[in-house]
Amino acid sequence: MKRRKRDLDRQLQSIIDGDALPAGQVEDPDDVEALRAAIALRAGRPAADLPGDDFLTALHERLREEQQPPTTRRGVSRRALIAAGGVAAAAAAGVAVDRNLLSQSAGKSPSSVAADLAPNEGAWVPVSSVSDVEAAPQRFTTASVVGFVTEQQGSLLAVSGACTHLGCLLKANSPAGRLDCPCHRTSFGFDGRVLFSQLDTAPAPLPRIQARKRAGTVEVFVPGEA
Amino acid sequence: MGDDDSSPGPSPPPSPRPGVGSRLRVVDEDHYSGWDEIYLDNAVRVYRLLYSKVGNRPDAEDLTTEVFLAALGPLRTGASRGEIRAYLATTARTALAGYWRRRLGTEVTVIEVAAAVQFLDDPPSETQAVAKARRVLDTLPDRYRRILELRFLQGLSIKESAREIGVSVTNAKVLQHRALRMAARAEEGGRE
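So the protein lines, in turn, are chains A and B.
The first sequence begins at 103 in our numbering and counts up one residue at a time.
The second sequence begins at 978 in our numbering and counts up one residue at a time.
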């Protein structure tokens, strides 16, 4: 009870200060009401709701950059492209997009950049059959890696199966189309994006693993299994 | 505004209408010529819509970024202005819902698409949010109104506000919570 009030005080103070709202859990309808009123009041300061020119210009630039065809985007990493593709796909599917992932090129949270798991010395290891993967997301384990492989719009997608926060092994939640961490309320998409997280700083997206089809089997490229 | 020229005759040449306070250049009434125009015409509108729902700049900026990046791929620039605004409103609703779910586990504010489209089409003047806050405050008993003015409009600390009103800090907190709840109800009742 005390803690709840302290949380609410903290949130109200951040609204007054104009800071980003601190993460927390709000359940009491009275608290929700109080926050809603506080937001409306704070927005009632003169000219409070006008965006800064710096922000508008930076976002404009960013959108221009995102529109460049890949060949002219030498300065933009493949990872950014993957992220942008993920955003578009998420929007098409009406899924919430992770804000930390989106703000990555604003340089806010470098850890939110999805890395590719590309071992120095690796080998293609069969992990499932094409038909199984087509039917449902498949979990796989090799001597060095745990992961999930899915097929989305005709292409294979494999990601690490360990949460990027503390390494807990993720569980597939197929009906919801996501991977849930059993440790802290955090979920990833099958493409590795963070869908939501209770953590103040969302963990990095899941590393991607190269995958391919070979003679009816699905193979992933993982560190040498010798 | 004020285009009441209804003289008959051959169809008038398309007149480019200047957008409200923006660098907008619309090719014809209902279509944009490309992404730049979509952005220039809608960025401030989308930001203000989201700001009115979260009440702080950093989150409003993140959400605006999210909406435009998400819209960039699937949105056909050949779509009409109405379609584009409807899409932006829908994307904003999804973004806001996700924001609340992640941030507090509950939706404190929501975007209704029809109302949001109206907001984007005809953004309220800068003084409207101020007037709305004023209206809500004016329905409250004196001390309730006072604490909220000091805290939310003038930005005084709880300590300073308590001193100003002449109560203890604890009482100021209680006053603030009660006042906020009453304001929430007043706002609810006054919603168009």
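Every residue, glycine too, gets a C-beta built ideally from N, C-alpha and C.
These numbers were taken from a predicted model, which means no experiment stands behind them.
Mapping the DSSP letters down to three states, classify residue i as helix, strand or coil.
i                  : result
Phe290 of chain A  : strand
Gly224 of chain A  : strand
Thr252 of chain A  : strand
Arg310 of chain A  : strand
Val1021 of chain B : helix
Glu321 of chain A  : strand
Leu1052 of chain B : coil
Arg295 of chain A  : coil
Ala1156 of chain B : helix
Ala274 of chain A  : strand
Leu258 of chain A  : strand
Val229 of chain A  : strand
Ala1149 of chain B : helix
Ala1163 of chain B : helix
Leu110 of chain A  : helix
Leu281 of chain A  : strand
Leu1026 of chain B : helix
Leu152 of chain A  : coil
Ala237 of chain A  : helix
Asp969 of chain B  : Only positions 978 to 1169 of chain B appear in the structure, and residue 969 of chain B is not among them; the question remains open.
Leu357 of chain A  : Since the displayed chain A opens at 103 and closes at 328, residue 357 of chain A lies outside it and no answer follows.
Mind checking which residues open and close the alpha helix (DSSP H) that includes residue i?
i                  : result
Arg1035 of chain B : The sequence given here places Pro at residue 1035 of chain B; Arg does not occur at that position. That run of the alpha helix (DSSP H) goes 1034-1049.
Thr1067 of chain B : 1058-1080
Val1113 of chain B : 1103-1115
Ala1139 of chain B : 1135-1142
Arg1122 of chain B : 1119-1125
Val1094 of chain B : 1090-1098
Leu137 of chain A  : 131-144
Whole angstroms are fine: how far does the CA of residue j sit from the CA of residue i?
i                  : j                  : result
Pro1100 of chain B : Val251 of chain A  : 46 Å
Leu308 of chain A  : Thr266 of chain A  : 6 Å
Thr243 of chain A  : Asn275 of chain A  : 18 Å
Glu1038 of chain B : Phe157 of chain A  : 7 Å
Arg1022 of chain B : Ala317 of chain A  : 53 Å
Glu135 of chain A  : Glu1165 of chain B : 10 Å
Thr1116 of chain B : Leu143 of chain A  : 13 Å
Asp1013 of chain B : Arg166 of chain A  : 8 Å
Thr1104 of chain B : Leu152 of chain A  : 12 Å
Asp155 of chain A  : Leu1065 of chain B : 21 Å
Val322 of chain A  : Leu1027 of chain B : 42 Å
Gly120 of chain A  : Ser1102 of chain B : 21 Å
Ser1057 of chain B : Val1094 of chain B : 13 Å
Thr319 of chain A  : Ser299 of chain A  : 34 Å
Ala1020 of chain B : Ser246 of chain A  : 47 Å
Leu272 of chain A  : Ser1029 of chain B : 37 Å
Ala1047 of chain B : Asp1007 of chain B : 22 Å
Val227 of chain A  : Pro131 of chain A  : 52 Å
Ala1072 of chain B : Leu1040 of chain B : 7 Å
Val1031 of chain B : Gly224 of chain A  : 47 Å
Ala1063 of chain B : Arg1123 of chain B : 40 Å
Ala1185 of chain B : Ser262 of chain A  : Chain B is shown only over 978 to 1169; residue 1185 of chain B falls outside these bounds and no answer can be derived.
Leu1133 of chain B : Leu1125 of chain B : 10 Å
Gly1059 of chain B : Ala220 of chain A  : 45 Å
Evaluate residue i with the Cβ neighbour count: other Cβ atoms within 10 Å of its Cβ, from every protein chain shown; 16 or more gives buried, anything less gives exposed.
i                  : result
Arg180 of chain A  : Because the pLDDT at Arg180 of chain A is just 43, under 50, the model does not fix this residue reliably, and the value given afterwards should be weighed accordingly. Answer is exposed; the Cβ neighbour count stays below 16.
Lys1109 of chain B : buried
Leu277 of chain A  : Reading the sequence as shown, one finds Pro at residue 277 of chain A and not Leu. Flag for Pro277 of chain A reads exposed.
Gly1055 of chain B : exposed
Val1151 of chain B : exposed
Ala150 of chain A  : buried
Cys285 of chain A  : exposed
Arg108 of chain A  : exposed
Gly365 of chain A  : The requested residue 365 of chain A is not part of the displayed model; chain A covers only 103 to 328.
Asp1018 of chain B : buried
Asn1033 of chain B : buried
Ala186 of chain A  : Interpretation of Ala186 of chain A is limited by its pLDDT of 45, a score under 50 that renders its predicted location unreliable; the figure taken from the coordinates is listed afterwards. Result: buried.
Tyr1121 of chain B : buried
Gln113 of chain A  : buried
Glu1043 of chain B : buried
Ser1010 of chain B : exposed
Pro239 of chain A  : buried
Gly146 of chain A  : buried
Pro1118 of chain B : exposed
Residue i lies in the beta strand (DSSP E); which residues open and close that run?
i                 : result
Gln240 of chain A : 240-243
Leu165 of chain A : First-last for Leu165 of chain A: 155-169, but that is the alpha helix (DSSP H), not the beta strand (DSSP E).
Arg147 of chain A : Counting along the chain, Arg147 of chain A falls outside any beta strand (DSSP E), and DSSP gives it neither H nor E.
Going along the region 302-315 of chain A in order, which residues come within less than 9 Å of chain B, judged by CB to CB distance? Ala304
Compile a chain-ordered list of the residues in the region 1027-1046 of chain B whose CB is closer than 8 Å to at least one CB of chain A. Tyr1028, Ser1029, Lys1030, Val1031, Gly1032, Asn1033, Arg1034, Pro1035, Asp1036, Ala1037, Glu1038, Asp1039, Leu1040, Thr1041, Thr1042, Glu1043, Phe1045, Leu1046
Closer than 7 Å, Cβ to any Cβ of chain A: which residues of the region 1130-1144 of chain B, in chain order? Listed by position along the chain: Leu1130, Gly1132.
Using a Cβ cut-off of 7 Å, which residues of the region 118-139 of chain A contact any Cβ in chain B, in chain order? From the region 118-139 of chain A, only Ile118, Gly120, Asp121, Ala122, Leu123, Ala125, Gly126, Gln127, Val128, Glu129, Asp132, Val134, Glu135, Ala136, Leu137, Arg138, Ala139 have a Cβ closer than 7 Å to chain B.
Residues of the region 1111-1127 of chain B with a CB closer than 8 Å to any CB of chain A: list them in chain order, please. Arg1111, Val1113, Leu1114, Leu1125
Report the residues of the region 150-172 of chain A with a CB closer than 8 Å to any CB of chain B, ordered along the chain. So the list reads Ala150, Asp151, Leu152, Pro153, Gly154, Phe157, Leu158, Leu161, His162, Arg164, Leu165, Arg166, Glu168, Gln169, given in the order they occur along the chain.
For the region 1004-1022 of chain B, list every residue whose C-beta sits within 7 Å of some C-beta in chain A, in sequence order. Trp1012, Tyr1016, Ala1020, Val1021
Chain B contacts from the region 289-301 of chain A (Cβ-Cβ distance under 7 Å): Residues Phe298, Ser299.
At a CB distance below 8 Å, what residues from the region 273-289 of chain A approach chain B? Give them in sequence order. none
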